[in-house]
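Here is the structure we will look at.
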Amino acid sequence: MKKNLLLLPVGLFPYGELIFALIYSLANAVLPEAASEIFTLALSALMAAFYISCPVCAVIWAVFAAKGRISPYEAAKYVLVVKAVHTPAYVFNFIAAFLGVFVGALASVWGIGIAAVSIGLAVAADVCTIALTGTCSVGGVISMYKNGVISKKYAVISGILSFIFCADIITAIVLFVKCRRSCPDRPQENLL
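As structure tokens, then:
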């Protein structure tokens, strides 16, 4: 269970800016001005540590899964959960980019910049997010291959699809279902 806590920063990654902005806003409303500067510096350091820890945790978790410290069933289950948690962030980024293009179209000449920036930020956030979950997926796929749940060809295809938008969640579902059917070490669960 402790190993799976490594996925917490990965799961929170696309929501990090929102969380830190909310903390910053609440603290600035409550703290006096002198303490506000110190708090801003501390929060900036915490935010930097969080964003540095995300890829580190993803790689460590993937290595644990690949080396067999996390069962194939657990790996498939937790990767699916993290990918599902990220789905609203993908939708939000798509809507934000669309609104940026819409506002850009209304803003005439300056709109090209607004549209480009909104699309660029949305794409960058999505690419970073899928890179993190894809890294975790690769560790799980290696574990599934080593334990005979999937073939080498299936593992390679699944590993590649784990880094492609929309295909990643479908791949995670398929891998979870395969593990659920064929992993002898999975705990018995009640569906209801």
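Read left to right, the sequence shown gives residues 1406 to 1597 (our numbering). By construction, the Cβ of each residue, glycine as well, lies at the ideal position given by its N, Cα and C atoms.
Could you spell out the range, first to last residue, of the alpha helix (DSSP H) harbouring residue 1420?
As a position in the sequence shown, residue 1420 is number 15, starting the count at 1. No alpha helix (DSSP H) holds residue 1420; DSSP gives it neither H nor E.
Measuring straight from C-alpha to C-alpha, what distance separates residue 1526 and residue 1407?
Within the sequence shown, the letter at position 121 stands for residue 1526. Within the sequence shown, the letter at position 2 stands for residue 1407. About 33 Å.
Out of 1424, 1536, 1420, state which residue places its alpha-carbon closest to the alpha-carbon of residue 1463.
Within the sequence shown, numbered from 1, the residue matching residue 1463 stands at position 58. Here the closest residue by C-alpha is 1536.
Given a cut-off of 7 Å, decide if residue 1545 and residue 1484 are closer than it, judged by their beta-carbon atoms.
Taking the sequence shown and counting its residues from 1, one reaches residue 1484 at position 79. Taking the sequence shown and counting its residues from 1, one reaches residue 1545 at position 140. Yes, the Cβ-Cβ distance between residue 1484 and residue 1545 is below 7 Å.
Whole angstroms is fine: what's the gap from residue 1424's alpha carbon to residue 1563's?
Translated into the one-based positions of the sequence shown, residue 1424 becomes position 19. Translated into the one-based positions of the sequence shown, residue 1563 becomes position 158. The straight-line gap from Cα to Cα measures roughly 32 Å.
Whole angstroms are fine: how far does the CA of residue 1449 sit from the CA of residue 1439?
Here residue 1439 refers to the residue found at position 34 of the sequence shown. Here residue 1449 refers to the residue found at position 44 of the sequence shown. If you take the alpha carbons of residue 1439 and residue 1449, they lie about 16 Å apart.
Inter-residue spacing [alpha-carbon to alpha-carbon] between residue 1465 and residue 1411:
Counting from one through the sequence shown, the residue named residue 1465 turns up at place 60. Counting from one through the sequence shown, the residue named residue 1411 turns up at place 6. Roughly 8 Å between the two C-alpha positions.
Would you report the Cα separation of residue 1539 and residue 1567, rounded to the nearest angstrom?
Within the sequence shown, numbered from 1, the residue matching residue 1539 stands at position 134. Within the sequence shown, numbered from 1, the residue matching residue 1567 stands at position 162. In a straight line, the C-alpha of residue 1539 is about 5 Å away from that of residue 1567.
Could you tell me whether the Cβ atoms of residue 1418 and residue 1534 are closer together than 7 Å?
Walking along the sequence shown from the start, residue 1418 turns up at place 13. Walking along the sequence shown from the start, residue 1534 turns up at place 129. Taking 7 Å as the Cβ cut-off, residue 1418 and residue 1534 qualify as a contacting pair.
Simplified DSSP assignment, three categories, for residue 1554
Residue 1554 sits at position 149 when you count from the first residue of the sequence shown. Reduced to three states, the DSSP call for residue 1554 is coil.
List the endpoints of the continuous alpha helix (DSSP H) containing residue 1505.
Position 100 of the sequence shown, counted from the first residue, corresponds to residue 1505. Residue 1505 -> alpha helix (DSSP H) spans 1477-1511.
Check this for me: beta carbons of residue 1460 and residue 1554, under 7 Å apart or not?
The sequence position of residue 1460 within the sequence shown is 55, counting from 1. The sequence position of residue 1554 within the sequence shown is 149, counting from 1. For the pair residue 1460 and residue 1554, the CB atoms are not nearer than the 7 Å cut-off.
Ends of the alpha helix (DSSP H) at residue 1443?
In the sequence shown, counting from the first residue as 1, residue 1443 sits at position 38. For residue 1443, the uninterrupted alpha helix (DSSP H) segment begins and ends at 1438-1471.
Would residue 1530 and residue 1498 qualify as a contact pair, given that the criterion is a beta-carbon distance under 7 Å?
As a position in the sequence shown, residue 1530 is number 125, starting the count at 1. As a position in the sequence shown, residue 1498 is number 93, starting the count at 1. Yes; because the gap between Cβ atoms is below 7 Å, this pair is in contact.
Looking at the unbroken alpha helix (DSSP H) that takes in residue 1581, where does it start and where does it end?
The residue labelled residue 1581 in the question sits at position 176 within the sequence shown. 1572-1587 is the extent of the alpha helix (DSSP H) around residue 1581.
If we count the other Cβ atoms within 10 Å of its Cβ and call it buried at 16 or more, is residue 1542 buried or exposed?
The residue you call residue 1542 lines up with position 137 of the sequence shown. Buried, because 16 or more other Cβ atoms sit within 10 Å of the Cβ of residue 1542.
Contact set for residue 1524: own chain, Cβ-Cβ below 6 Å, skip 5 residues either direction:
As a position in the sequence shown, residue 1524 is number 119, starting the count at 1. So the qualifying residues of the chain are 1502.
Between 1451, 1559, 1586, which has its C-alpha nearest residue 1576's C-alpha?
In the sequence shown, the residue the question calls residue 1576 occupies position 171. The residue with the shortest Cα to Cα distance from residue 1576 is 1559.
Do you know offhand how far residue 1396's Cα is from residue 1442's?
With the chain covering 1406 to 1597 only, the question about residue 1396 has no answer from this structure.
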